[in-house]
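Enquirer: Pasting a structure here, questions to come.
There are 4 protein chains.
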Amino acid sequence: MKKNVKVGIIGAGRIGKLHAENIAYHIPEAEIVAIADVYADQIREWAANLGVPMVTNDYKDILNNPDIDAVVICSSTDTHARFTIEAAKAGKHVFCEKPIDLTVEKVKQAIEAVKEAGVKLQIGFNRRFDHNHKRVRDAVLEGKIGAPHIIKITSRDPAPPPIEYVKVSGGLFMDMTIHDFDMARYLSGSEVEEVYASGAVLVDPAIGDAGDIDTAVITLKFKNGAIGVIDNSRKAAYGYDQRLEVFGSKGCMMNFNDTPSSAVLSTVEGVFSEKPKYFFLERYKDSFIAEMKEFFNAILNDTETPVTGIDGLKPVLIALAAKKSMEEGRPVKIEEIEKAF
Amino acid sequence: MKKNVKVGIIGAGRIGKLHAENIAYHIPEAEIVAIADVYADQIREWAANLGVPMVTNDYKDILNNPDIDAVVICSSTDTHARFTIEAAKAGKHVFCEKPIDLTVEKVKQAIEAVKEAGVKLQIGFNRRFDHNHKRVRDAVLEGKIGAPHIIKITSRDPAPPPIEYVKVSGGLFMDMTIHDFDMARYLSGSEVEEVYASGAVLVDPAIGDAGDIDTAVITLKFKNGAIGVIDNSRKAAYGYDQRLEVFGSKGCMMNFNDTPSSAVLSTVEGVFSEKPKYFFLERYKDSFIAEMKEFFNAILNDTETPVTGIDGLKPVLIALAAKKSMEEGRPVKIEEIEKAF
Amino acid sequence: MKKNVKVGIIGAGRIGKLHAENIAYHIPEAEIVAIADVYADQIREWAANLGVPMVTNDYKDILNNPDIDAVVICSSTDTHARFTIEAAKAGKHVFCEKPIDLTVEKVKQAIEAVKEAGVKLQIGFNRRFDHNHKRVRDAVLEGKIGAPHIIKITSRDPAPPPIEYVKVSGGLFMDMTIHDFDMARYLSGSEVEEVYASGAVLVDPAIGDAGDIDTAVITLKFKNGAIGVIDNSRKAAYGYDQRLEVFGSKGCMMNFNDTPSSAVLSTVEGVFSEKPKYFFLERYKDSFIAEMKEFFNAILNDTETPVTGIDGLKPVLIALAAKKSMEEGRPVKIEEIEKAF
Amino acid sequence: MKKNVKVGIIGAGRIGKLHAENIAYHIPEAEIVAIADVYADQIREWAANLGVPMVTNDYKDILNNPDIDAVVICSSTDTHARFTIEAAKAGKHVFCEKPIDLTVEKVKQAIEAVKEAGVKLQIGFNRRFDHNHKRVRDAVLEGKIGAPHIIKITSRDPAPPPIEYVKVSGGLFMDMTIHDFDMARYLSGSEVEEVYASGAVLVDPAIGDAGDIDTAVITLKFKNGAIGVIDNSRKAAYGYDQRLEVFGSKGCMMNFNDTPSSAVLSTVEGVFSEKPKYFFLERYKDSFIAEMKEFFNAILNDTETPVTGIDGLKPVLIALAAKKSMEEGRPVKIEEIEKAF
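Chains A, B, C and D supply the protein sequences, listed in that same order.
For the first sequence, the working numbering begins at 356 and goes up steadily by one.
For the second sequence, the working numbering begins at 356 and goes up steadily by one.
For the third sequence, the working numbering begins at 356 and goes up steadily by one.
For the fourth sequence, the working numbering begins at 356 and goes up steadily by one.
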């Protein structure tokens, strides 16, 4: 099997394993040369089954390996910026899970390091590669709905993460809504100028005790005049709710949730169809493969990656603006956040 | 045909004619005794065909007619409060089209007059009687979605009204969104405490020149902790878009647009289904009959009307708060508006 | 209220009352002058409320009334042909509920009598006037699906009729499928040449004991080469199932059931939407009004009625062929049935 | 990568390549040791990329290879029975594409050979493993629709095969409907007793000239009393139409087509959703993987395969009955076909 890009994976938790398996089974354009994880011993058998020749507990073994062209950074968020910078300096192309960092400074440093090194950087906003969302985006680009006027994003999780995770997550806006902020930019083809965020603790008081919210409605104003609105919940009883709607001068494009099957049961009690696919691993399965394929193709063809460093920075700025808006009970301009740095 | 409530209709424009025809053809509980319109001559033939014995150009002929039990006020908005007050004083029950008035003072005066006279008052928020919206409301009341967390209302017209109308309409919030503010209260079973409104002129610059907006996203905070969001446009290319969604602790209830038929055509070009019913006359046809039926039943059974004077006042307050929010770029509490009067 | 056609109604059972109320409330083109029913006393109050001046227990009072232009025959099936013939001879236009008769001879006699008298005849195949079915038919006529290849009709009742009714109904094909045979002709724009019917008793053994079936699949061959298939059940647990599909060289047009609302509830248990409208009174409400309107318009404008005597005869022939096919376990040509008479 | 079952693939046309790639990329339970194809040279590069060590133009190299546990037979239909018999004699487990043969004798010989050799046999009725169809089947098994009364299968191809293929295909019933006959057995949990088939040439006269039909409606009677109906077309303008419906005493389970996305576009021209996935490679992608996984698991766990030799024989009998029925214009019992052999 001809593999072109030699890859090292840093971090083999849930998402690291997912990317590794996708590369091994679905992406002929790349070959995994090594995987680094602090718990190296726990992944050796899994890695061997994938055909990965080397496992290490030191990510530097990957950065120092001259055979490796690119790294996929799947370690914890606090290491993303540092590993990106070091990898760039070592001349490796970088695929980095979102967010690059919770602070604007570090995100900017990472982007700068990548720029100086002349390597490629792609951020893991996988939802852009989803068949349903992409179809909406394509229709907008093709002019099918005319100029966008109203952009709506519904994004609700099936269940909140553990409280221990909530505490270090950076908050709902940085942890969960950040995907929606990216989606808002992607769909509108415009930049967010102003944010107004309303948040509440309605799902679990423990989330409030941890200083976070679990329910939110966020209004966005875009440079092109469009208005956006995102609604989030940490818990939708019926599962992962991921819908978009772009309304414009010529019409409206919306999508619906994917379901395990299209079957419909009619009985005396009603007409039942299936709940959405359970969570992001099921729902966005193919998008994880597609984003990785595009990353390796960008390397092979020396083209720009589809989700750049700026695409990693902007949602962090919007998330910070949203947080400030909610705390201060007023709309906040992105410019105000940018100036603070 | 046994008719119980004797009715006089004041104003026979589009909506007045609609109510008159509904009463004549669909509501055995009531009988139209007289219709008043400033252009009385133009409606004589139409009224005769309906079997209405008397047409006058002076609404006082109706108020002074001792045989008349109730009036249906369908004249221009600026006369609603005055006619309501005079009708109450004349001892007539009042069905008044929305809004009672664009000012809080007059709305309060009308409510007060009705109270003093001991007559019944119902406001024309017909959408509460719509089969689709009512089904959502019922599910909320039955506890099927648990405690409401997020309430979403999409309300888009197929085409903007004439500019001359826009100028005297009281603005988008008072003219169009007022239905959605009523719906938000109806669905949530709670009162709106705070409003944040974003507006834009994206459909027609002439609307902006007239001092109004044509596109809006409005965030609502409810007393029960829920967050609401309404999105409006004066022009949806595909027609009248009227959808609701209430998301709560146990699930989500949403509805979709009614269409002229359920037919679906699949060809080489795609799978086509029908656009929504064109506008409010088609879409809310049955709700106009239902609201009137309930008004007459409230009279006959001496029960409270389903949409009271307070239900007429609250949306006016919310609309004023929305306007102030948009003008001042900040969230506005309803309390702040109430205190101003 | 200007009413043009003076109508007498013969038979005020469920369907007679329905037509009377539709004419009284929804059809300004006609005025009910008299209603005849063998139980005249039981309908006097109801008729008075409708504003009908005369009630009689003798249908001849209607036929002999020179003021009456048209009769609506809603009496029991065994009287349809006779009353049609007598009404025609009395110079009245005739709207006759389906079927005209269970025998070909009498149907032909009725058609002949109408022809000789030069009056109009319309058969009560109301489903042709249904918004959903009409939309499919229109698409076929407009050439949107090209030449029809396969025509599918699903027609299932929510519950079987009483056994006493089953015994005199003429059997499933004559009582229930007859509507579908009419629909097949209406949709295909072609005549049925051959029928193959499979029947079974799966719902209730008592139906089998009464010599009838409760479940059937019927294949039709049309003159234009298309193949049709009808499936029937006397009992669908989820309610009245009425769907069509026409597949042709350019595409496929299908429709779905109407529901009381478009609301959808998502919970941990699944995604629920509403069952179909319960039965024909709810589902085909508007079609009963539409067929009657067209009947009166045909009289007023002296045009052909939309469902003629031949349209009443053909489904009876097809039903007889279906019965013979099932009994003899072979496909039966319509020609074979026609020749027998 | 630990692979358990050593596989040889015989025939590397479209379906052979599909199975090979599925095994290589998606099925860790098996490892391809060799591929035989008469045009071996044309597949060497493709096979090398898959990591397959051996390519041969002689299928006997596979049968004689003692390292090989199982064969996947994807050669032309006329070789299926012979290769199955030879593989069984060589002690290999057999996955054989449908149909085993166009004649009952050879199918029986193949089944007999497999039985004598004590190896496993699975037939390639992949649709049983489709998520949508499986969901319907599961609901039937779980008793959700009660006793099945009516079973409906719609199966339409997006375009007819080349005329050269039509000539050797065995005819529509044996080539295309055979999948639906299998599905009918799968869904009903019962055996077909009698078949009545109507066929027509409506898509392309050349298909008629080749002695075949392109449009069909087939009625089935099942042992359990249910009635089934299949409708087929060689050309649906809107693509591959694959829908099922099982109606029973407690309700109805149906499914719909899969689409490339769930996106819906509303414009002034209508409401557009996507056409079905184009053809079987797209639509049944996952089912091909699932059937193969189950085959290897049956070998590894020494359990019965999910689609046995009998499951390969029955649809051939039904197809022969359907052909006879159409030719002779009468219903044909399966027993009649069975007795002929």
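All C-beta atoms, glycine included, are put in the ideal place defined by N, C-alpha and C.
(1) What residues in the region 490-517 of chain A bring their beta carbon closer than 7 Å to a beta carbon of chain D?
(2) Give the residues from the region 576-602 of chain D that approach chain C closer than 9 Å (Cβ to any Cβ), ordered along the chain.
(3) Tell me, please, whether the CB atom of Met647/D is closer than 9 Å to any CB atom in chain A?
(4) Using a Cβ-Cβ cut-off of 9 Å, state whether Glu629/C counts as contacting chain A.
(5) I'd like to know if Ala299/A contacts chain B, where contact means its C-beta is closer than 9 Å to some C-beta of that chain.
(6) Please state whether DSSP places Asn420/A in a helix, a strand or coil.
(7) Would you kindly work out how many angstroms separate the C-alpha atoms of Glu637/A and Ala618/D, rounded to a whole number?
(8) Residues bridged to Lys688/A by DSSP?
(9) Using a Cβ cut-off of 9 Å (strictly closer), state whether Leu557/A contacts chain D.
(10) To the nearest angstrom, how far is it from the Cα of Asp537/D to the Cα of Asp596/C?
(11) Of all the CB atoms in chain A, is at least one closer than 9 Å to the CB of Ser617/C?
(12) Starting from the beta carbon of Thr622/D, find every residue of chain B whose beta carbon is closer than 8 Å, and list them in chain order.
(13) Comparing alpha-carbon positions, which option in Ala367/D, Ile417/D, Thr432/D, Ser430/D lies nearest Glu400/D?
(14) Does the count of Cβ pairs from the region 660-677 of chain B and the region 462-477 of chain B closer than 8 Å reach three?
(15) So for Met681/C, helix, strand or coil by DSSP?
(16) I believe Arg589/C touches Val558/C by the beta-carbon criterion, under 8 Å. Please report the beta-carbon distance rounded to the nearest angstrom.
(17) What does a CB cutoff of less than 7 Å around Tyr414/C pick up in its chain, not counting 5 residues either side in sequence?
(18) Which ranges does the beta strand (DSSP E) cover as unbroken runs of at least 3 residues, wholly within the region 549-631 of chain B, from first to last along the chain?
(19) How many Å lie between Glu497/B and Ser545/B at the Cα?
(20) Taking C-beta to C-beta, are Ile398/C and Lys372/C nearer than 9 Å?
(21) Spell out whether any CB of chain C is found under 9 Å from the CB atom of Val759/A.
(22) Quick one: Cα of Leu575/B to Cα of Val626/C, how far?
(23) At least one CB of chain A closer than 9 Å to the CB of Tyr633/B: is that the case?
(24) Using a Cβ-Cβ cutoff of less than 7 Å, which residues in the same chain neighbour Asp641/D once the five nearest sequence positions on both sides are dropped?
(25) When you compare the CB of Met538/D with every CB in chain A, is at least one pair closer than 9 Å?
(26) Please classify Val393/B as buried or exposed, where buried requires at least 16 other C-beta atoms within 10 Å of its C-beta.
(27) Give a single yes or no on whether Val388/B has its beta carbon closer than 8 Å to a heavy atom of the ligand MG.
(28) Output the distance between the C-alpha atoms of Lys507/A and Cys451/A, rounded to the nearest integer angstrom.
(29) Could you give the distance in angstroms between the alpha-carbon of Lys470/A and the alpha-carbon of Lys463/A?
(30) Can you list, in chain order, the residues of its chain whose CB lies under 6 Å from that of Phe528/B, leaving out five sequence neighbours each side?
(31) How about Asn612/C: is its C-beta nearer than 9 Å to some C-beta of chain G?
(32) Val623/D: which of Ser628/B, Ala395/B, Gly583/B sits nearest, CA to CA?
(33) Any residues in the region 636-667 of chain D with a beta carbon nearer than 8 Å to a beta carbon of chain C? Which ones, in chain order?
(34) What is the DSSP secondary structure of Ile390/C, counted as helix, strand or coil?
(35) Return the CA-CA distance between Lys632/C and Pro615/C, expressed in angstroms with no decimal places.
(36) CB-CB under 8 Å to Glu690/C, same chain, minus the five flanking residues each way: which ones, in chain order?
Expert: With the given structure in hand:
(1) Arg490, Val491, Ala494, Lys499
(2) Taking a C-beta cut-off of 9 Å against chain C, the contacting residues of the region 576-602 of chain D are Lys576, Gly580, Ala581, Ile582, Gly583, Val584, Asp586, Asn587, Ser588, Lys590, Ala591, Ala592, Tyr593, Asp596, Glu600, Phe602, listed in chain order.
(3) As a first step, residue 647/D is located in the fourth sequence; it is residue number 292 there, counting from the start. It does not; no Cβ of chain A falls within 9 Å.
(4) Within the third sequence, numbered from 1, the residue matching residue 629/C stands at position 274. Chain A, which has a Cβ nearer than 9 Å to the Cβ of Glu629/C, makes this yes.
(5) The structure shown does not extend to residue 299/A, since chain A spans only 356 to 696, so no value can be given for it.
(6) Taking the first sequence and counting its residues from 1, the one referred to as residue 420/A is at position 65. Looking at Asn420/A - three-state DSSP - the assignment turns out to be coil, as it is neither helix nor strand.
(7) Indexing the first sequence from 1 puts residue 637/A at position 282. Indexing the fourth sequence from 1 puts residue 618/D at position 263. Their Cα atoms are separated by approximately 19 Å.
(8) One-based indexing of the first sequence puts residue 688/A at position 333. Beta-bridge pairing links Lys688/A to Glu549/A.
(9) Counting from 1 along the first sequence, the entry for residue 557/A is found at position 202. Not closer than 9 Å to any Cβ of chain D, the Cβ of Leu557/A fails to qualify, so no.
(10) Taking the fourth sequence and counting its residues from 1, one reaches residue 537/D at position 182. Taking the third sequence and counting its residues from 1, one reaches residue 596/C at position 241. Each residue's Cα considered, the two are about 27 Å apart.
(11) What you label residue 617/C is simply residue 262 of the third sequence in a count that begins at 1. Not one chain A Cβ lies under 9 Å of Ser617/C.
(12) Looking up residue 622/D in the fourth sequence gives position 267. Going along chain B in sequence order, the residues near Thr622/D (Cβ under 8 Å) are Ala592, Tyr593.
(13) Counting from one through the fourth sequence, the residue named residue 400/D turns up at place 45. That would be Ala367/D, whose Cα lies nearest to the Cα of Glu400/D.
(14) Flag = yes, the region 660-677 of chain B and the region 462-477 of chain B touch.
(15) Sequence index remark: in the third sequence, residue 681/C carries index 326 (1-based). Helix at Met681/C.
(16) One-based indexing of the third sequence puts residue 589/C at position 234. One-based indexing of the third sequence puts residue 558/C at position 203. The pair is a contact, with the Cβ atoms about 5 Å apart (cut-off 8 Å).
(17) Residue mapping note: residue 414/C aligns to position 59 of the third sequence, counting from 1. If we look at Tyr414/C and ignore the five residues flanking it on each side, its Cβ neighbours are Ile365, Ala391, Phe438.
(18) 570-577, 582-588, 596-603, 606-609, 619-622, 625-628
(19) The count along the second sequence starts at 1 and reaches residue 497/B at position 142. The count along the second sequence starts at 1 and reaches residue 545/B at position 190. Counting only the Cα atoms, Ser545/B lies some 15 Å from Glu497/B.
(20) Stepping through the third sequence from its first residue, residue 398/C is reached at position 43. Stepping through the third sequence from its first residue, residue 372/C is reached at position 17. Going by C-beta atoms, Ile398/C is nearer than 9 Å to Lys372/C.
(21) Outside the displayed range of chain A (356 to 696) lies residue 759/A, so it cannot be described from this structure.
(22) Taking the second sequence and counting its residues from 1, one reaches residue 575/B at position 220. Taking the third sequence and counting its residues from 1, one reaches residue 626/C at position 271. Each residue's alpha carbon lies about 27 Å from the other.
(23) Residue numbering aside, residue 633/B sits at position 278 when the second sequence is read from its first letter. No, its Cβ sits nowhere closer than 9 Å to a Cβ of chain A.
(24) Here residue 641/D refers to the residue found at position 286 when the fourth sequence is read from its first residue. Only His486 meet the Cβ criterion.
(25) For the purposes of this step, residue 538/D is taken as residue 183 along the fourth sequence, with counting starting at 1. False, the Cβ-Cβ gap to chain A never drops below 9 Å.
(26) On the second sequence, residue 393/B is found 38 positions in, with the first residue counted as 1. Exposure of Val393/B is indicated by the presence of fewer than 16 other C-beta atoms within 10 angstroms of its C-beta.
(27) What this structure holds is no ligand at all, so the ligand MG is not there to describe.
(28) Along the first sequence, one-based indexing puts residue 507/A at 152. Along the first sequence, one-based indexing puts residue 451/A at 96. Cα to Cα, the separation comes out at about 27 Å.
(29) As a working mapping, residue 470/A is identified with position 115 in the first sequence. As a working mapping, residue 463/A is identified with position 108 in the first sequence. Taking the straight line from one Cα to the other gives about 10 Å.
(30) Walking along the second sequence from the start, residue 528/B turns up at place 173. Excluding sequence neighbours, Phe528/B sits near Ala674, Ala677, Lys678.
(31) Any reference to chain G falls outside this structure, whose protein chains are A, B, C and D.
(32) Position 268 of the fourth sequence holds residue 623/D. Comparing Cα-Cα distances from Val623/D to each of Ser628/B, Ala395/B, Gly583/B, the minimum goes to Ser628/B.
(33) none
(34) Your numbering for residue 390/C matches position 35 in the third sequence. Ile390/C falls in the strand class under three-state DSSP.
(35) Mapped onto the third sequence, residue 632/C falls at position 277. Mapped onto the third sequence, residue 615/C falls at position 260. In a straight line, the C-alpha of Lys632/C is about 6 Å away from that of Pro615/C.
(36) Here residue 690/C corresponds to residue number 335 of the third sequence, with the count starting at 1. Same-chain partners within the cutoff: Glu548.
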